[in-house]
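Numbering (the working numbering), first residue to last: 778 to 1053. Here is the structure we will look at.
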Ligand code: DGL
């Protein structure tokens, strides 16, 4: 089989990366996708750099063994900590969510005061800040860890009053810094977009542009595959094959909300330990 007809491998700590798959599917409908959710070890956002890198290497190795043509790290935490290691270790194109999100934010922001929300690990890594500073030194970046948002999204409380209240607490410090652009730096946050817009409208004196890192990542994947002449030429809708490391039924039940359409029950798999 020609390399361009091989599947794209996508991984995340769990189910959230399906928001990235949704965007890839929107703009690259003919690509076959192998998706790995490391549901046995989710969340990554509370773990150390060392652990996240080890997990990400094991996830990438699994996809590589499946014969994918490129790997998308559809997890902000894993992208923040492990991208350089994955690029060094694995000899195939690797796309993360941080760089495309950072570039989109710089383009969108007029006053160059950008807010980032994400897991504690993503915020601690300063990955978004560094990626933006590399491109424009004077950008002011204000980051806020929002550990309560992942469980609220997984609970389906997308516009629940509790979610709105929690968002107000998290977003107020960023609004006070007069950001005009906010990066949704976690795979779960696209599901909370409506609530985030609503709260910002109430608390911010001027409109704040939202950057969905899942969306910018999909655009980046398309550009990268096109540059490498790796885009599929198939005219059929590419199938999505999900794999998880735990709880396939829970994944199946939740997947529709993250993906926007149903997906088959995932195959339960065990990952090989990384050799370090
Ligand atoms: N997928 C993670 C991220 O985008 C969120 C969930 C987790 O903490 O593992 O950062």
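Glycine residues also receive a C-beta, built at the ideal position from the N, C-alpha and C atoms.
Look at residue 819: its beta carbon is less than 7 Å from one of the heavy atoms in the ligand DGL.
Within the region 898-976, the complete alpha helix (DSSP H) runs of at least 4 residues fall at 904-912, 926-931 and 938-953. Relative to residue 1004, the option among 870, 788 and 965 whose CA is nearest is 870. Here residue 921 really is in contact with residue 894; their C-beta atoms are around 5 Å apart, less than 8 Å.
Beta-carbon to beta-carbon, residue 958 and residue 886 are separated by about 4 Å, close enough to satisfy the 8 Å threshold. Between residue 1040 and residue 1019, the CB-CB gap stays under 8 Å.
Around the beta carbon of residue 965, 16 or more other beta carbons lie within 10 angstroms, which makes this residue buried.
If you check the CB distance, residue 801 and residue 930 do not come in under 8 Å.
Relative to the ligand DGL, the nearest heavy atom lies less than 7 Å away from the CB of residue 965. DSSP, read as helix, strand or coil, puts residue 871 in strand. Cβ-Cβ separation between residue 916 and residue 891: approximately 6 Å, consistent with a contact (criterion under 8 Å). Between the C-alpha atoms of residue 793 and residue 784 there is a straight-line separation of about 20 Å. Taken through DSSP and simplified to helix, strand or coil, residue 986 comes out as strand. For residue 854, the shortest C-beta to heavy atom distance toward the ligand DGL is below 7 Å.
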